[in-house]
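> Residue numbers (my numbering): 1277 to 1671.
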Amino acid sequence: MSSLAAELEAAAQIGADGGGVSRFAWSPELAQANEWLIRRLEELSLEAELDPAGNVFGRWAVGEGSAVLVGSHLDTVPRGGRYDGALGVLAALATVRVLRAEGVEPKRPLWVVSFNDEEGSRFQTGMLGSRAFCGEVDLEDWRRRGVADAMARAGVDFDQLTSARAVDGVGAYLELHIEQGPVLEQSGEDLGIVTAITGLLGFRVKLLGAANHAGTTPMDGRRDALAGASRIVLELREEARAREDMTANVGIVSVEPGGFNVIPGLAEFTIDVRSPTAEGFERAEAFVRETVKRVAAEEGLGMEMSATHRKPPVALDQGLQDALVGAAEAEGASYRLMPSGAGHDAMVLAHHVPAAMLFVPSRGGISHSPDEYTPPEQCELGARVLARAVRGLVG
Ligand code: HGY
Ligand code: MN
Ligand code: MN
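So, in structure tokens, the structure goes:
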């Protein structure tokens, strides 16, 4: 088994959960994964650091000028797969290993990174680590979301988050990632070179009705919060199905008081909508706000709605895409230029430095699931192309 496959296997044991992996920001499982990673970085004689935002860096401090930053994330969705994020972090390690083995002396610094909380699983607002690294910290919003309490429980000082900004030292960011969709498997190419990353919109909605007796309350006139939420879920789905440039998902729903014979008086849920175009992104946001407001009114429900995240679609750097094309061709790998339907830390970095991503196929297009899988030879080809591109960037 290659060291990449072995390390993916070892990482998947940390936070193993029901066949998948659960590692959330400032949780013991992610802390254990970060410690494991730091040991790997130190074995490669890199300067390892756990920064104030929970990001893990391994720095090869050589040469001069801005650093090439390579990595991804080790946090996961609940019972996620073993490749989402981890592949990119471990491929960055493999890149250093290859360059050292080849006796390459980089002419500029090379940094490996595992960003904290890319998924947003705990606080429903993702990419906290890369946003802090880039100086995009919203202390009040994050405090309101419980980030400060979670950090305090983990013994980490919330007020130090703003000192995590260090993107000024970076000149380029590269991330290897599984595609998390069916395109490459269906088209048969070895690799995807990402042109742009879809825009992400997140909301948290609370519908307030009236808890009442499920049997004696006349059907007309009920103020059923879950019925209202259900209508919104289906209307979002219909709209997204009818459009080429929109996806919609409601992944978390809770109702109160939660009795089988009680009409739900309160329903709280998340909304995740996405669009790869600026126009589609604006239209999707307007549609969500209008639909929630209209259905709440029609159902006689009170409504509270807050945005959890808003990341417009972003194009990735043409020069770095060209470098990935050159590296793929040099490795004899077939590839296609393609957008990403998933969000990534690269969409944060891309607003600050040239950033690019490389995809390997996902079996059945499955991700955010224990069934996520990419064959070792495809992972290794992706890692080889990444290493070749990085070698070209560090001179
Ligand atoms: O949700 C996403 O697209 C990413 O996996 N965080
Ligand atoms: Mn993910
Ligand atoms: Mn990811």
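Positions of the beta carbon are idealized from the N, C-alpha and C atoms, including for glycine. Just so you know, these numbers come straight off a predicted model, no measurement behind them.
(1) For aspartate 1621 versus glutamate 1461, is the C-beta spacing smaller than 8 angstroms?
(2) Residues bridged to alanine 1663 by DSSP?
(3) Can you list, in chain order, every residue whose CB sits closer than 5 angstroms to a heavy atom of ligand 3?
(4) Just to check my reading of the structure: glycine 1247 and glycine 1541 have Cβ atoms closer than 8 angstroms, yes? What is that Cβ distance to the nearest angstrom?
(5) What whole-angstrom Cβ distance do valine 1687 and tyrosine 1449 have, given they're in contact under 8 angstroms?
(6) Measuring CB to CB, does phenylalanine 1399 end up less than 8 angstroms from asparagine 1331?
(7) What ranges does the alpha helix (DSSP H) occupy inside the region 1568 to 1651, keeping only unbroken runs of at least 4 residues that lie completely in it?
(8) May I ask you to report which of helix, strand or coil DSSP gives glycine 1658?
(9) Quick check: what's the CA-CA separation for leucine 1386 versus phenylalanine 1479?
(10) Is threonine 1492 buried or exposed, if buried means 16 or more other CB atoms sit within 10 Å of its CB?
(11) Closest to arginine 1550 by C-alpha separation, out of Glu1580, Pro1589, Gly1534 and Leu1366, would be which residue?
(12) From the DSSP secondary-structure annotation, give me the bridge partner or partners of lysine 1482.
(13) What residues are listed by DSSP as bridge partners for arginine 1373?
(14) Could you check the C-alpha separation between methionine 1651 and alanine 1659 for me, to the nearest Å?
(15) Just checking histidine 1585 against ligand 2 - is the residue's beta carbon closer than 7 angstroms to any of the ligand's heavy atoms?
(16) Specify, as a first and last residue, the run of the alpha helix (DSSP H) that methionine 1408 falls within.
So, to answer that:
(1) The answer is no: Cβ separation not under 8 angstroms.
(2) None, per the DSSP bridge assignment.
(3) The chain-ordered list of residues whose CB is nearer than 5 angstroms to some heavy atom of ligand 3 reads Asp1360 and Gly1361.
(4) In the structure as shown, the chain starts at 1277 and stops at 1671, and residue 1247 therefore has no counterpart that could be examined.
(5) A query on residue 1687 cannot be resolved here, the shown segment of the chain reaching from 1277 to 1671 and no further.
(6) It is not a contact, given that the beta carbons lie outside the stated cut-off.
(7) DSSP runs (the alpha helix (DSSP H)) wholly in the region 1568 to 1651: 1594 to 1606 and 1622 to 1625.
(8) helix
(9) 37 angstroms
(10) exposed
(11) The shortest Cα separation from arginine 1550 among Glu1580, Pro1589, Gly1534 and Leu1366 belongs to Pro1589.
(12) Glu1544 and Glu1580
(13) In the DSSP output, where bridge partners are listed per residue, arginine 1373 has none listed.
(14) The amino acid occupying residue 1651 in the given sequence is proline; methionine does not appear at that position. Computed Cα separation, rounded: 13 angstroms.
(15) The answer is no for histidine 1585.
(16) Correcting the residue identity first, residue 1408 is alanine in this sequence and not methionine. Taken as a continuous stretch (DSSP letters only), the alpha helix (DSSP H) holding alanine 1408 covers 1404 to 1409.
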